[in-house]
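Colleague: Numbering (numbering that gives the first Met the number 0), first residue to last: 0 to 120.
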Amino acid sequence: MSEILAYVAFYLGQFVAIVNIALAISAFLIIVWALLDTLVRPANLFPAASRLSKSAWIGVHIGAGLACVVLGWYSFFGMIAVAASAVYLAGVRPQLVALSPARVRSKLRVIDDDDRNKWRS
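(1) Is it buried or exposed, Gly-77, if we count other Cβ atoms within 10 angstroms and call 16 or more buried?
(2) Along the chain, where does the alpha helix (DSSP H) containing Ser-54 start, and where does it finish?
(3) In angstroms with no decimal places, state the Cα-to-Cα distance between Cys-67 and Ala-80.
(4) Buried or exposed: Gly-64, going by 16 or more other Cβ atoms within 10 Å of its Cβ?
(5) With DSSP collapsed to three states, give me the class of Met-78.
(6) So Leu-98 and Leu-44 are in contact, right, with Cβ under 8 Å, and what is the actual spacing, rounded?
(7) Look at the alpha carbon of Ser-49 and the alpha carbon of Val-18, and state the distance between them as a whole number of angstroms.
(8) Buried or exposed for Leu-95, going by 16 or more other Cβ atoms inside 10 Å?
(9) Are Ala-60 and Ile-30 touching if we call contact CB-CB under 7 Å?
(10) Please determine, among Thr-37, Gly-58, Ala-8 and Ala-5, the residue with the shortest C-alpha to C-alpha distance to Arg-92.
(11) Looking at Ala-47 and Ser-84, is the spacing between their C-beta atoms short of 7 Å?
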């Protein structure tokens, strides 16, 4: 009976370790995604979308990354750091997308009268 409990404890410990690693990687990827998204957005949209500027959001994400690397995602400050990046992705990013100008095709096709509807013949 004690052997079975030892196996259960061993494999349960392995499962918890794998889940911990997966959560740490996903927390770090959320922070990196938020940082990269902040870097590619134009700075003039941030005052209209949130109270913080672009440089402040970059600082938040860099601080969040450092907190997760140094303290771990499971610490109190690590969870706050991941939550700050998640707030950006869930709250500020959709507003920035809505405020950004629409993308249009940069090159228009020139259609001659002879070439029109050639594919139908």
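Just so you know, even glycine gets a beta-carbon here, dropped at the ideal spot from N, CA and C.
Modeller: According to the data block:
(1) Walking along the sequence shown from the start, residue 77 turns up at place 78. Looking at its Cβ environment, which holds 16 or more other Cβ atoms inside 10 Å, Gly-77 is buried.
(2) As a position in the sequence shown, residue 54 is number 55, starting the count at 1. Unbroken alpha helix (DSSP H) run through Ser-54: 53-70.
(3) As a working mapping, residue 67 is identified with position 68 in the sequence shown. As a working mapping, residue 80 is identified with position 81 in the sequence shown. For Cys-67 and Ala-80, the distance between alpha carbons rounds to 7 Å.
(4) Taking the sequence shown and counting its residues from 1, the one referred to as residue 64 is at position 65. It is buried - the Cβ of Gly-64 has at least 16 other Cβ atoms within 10 Å.
(5) Along the sequence shown, read from residue 1 onward, the residue named residue 78 stands at position 79. In the structure shown, Met-78 sits in a helix (DSSP, three-state: H, G or I).
(6) In the sequence shown, counting from the first residue as 1, residue 98 sits at position 99. In the sequence shown, counting from the first residue as 1, residue 44 sits at position 45. At roughly 5 Å, the Cβ-Cβ gap stays under 8 Å, so Leu-98 and Leu-44 are in contact.
(7) In the sequence shown, the residue the question calls residue 49 occupies position 50. In the sequence shown, the residue the question calls residue 18 occupies position 19. Near 34 Å, if we compare the C-alpha coordinates of Val-18 and Ser-49.
(8) As a position in the sequence shown, residue 95 is number 96, starting the count at 1. Flag for Leu-95 reads buried.
(9) As a working note, residue 60 is residue 61 in the sequence shown. As a working note, residue 30 is residue 31 in the sequence shown. Sequence inspection shows His at residue 60; the Ala mentioned does not correspond to that position. Cβ distance < 7 Å, so His-60 and Ile-30 count as in contact.
(10) Working through the sequence shown from its first residue, we reach residue 92 at position 93. Cα-wise, what sits closest to Arg-92 is Thr-37.
(11) Within the sequence shown, residue 84 is the residue found at index 85, counting from 1. Within the sequence shown, residue 47 is the residue found at index 48, counting from 1. No; because the gap between Cβ atoms is not below 7 Å, this pair is not in contact.
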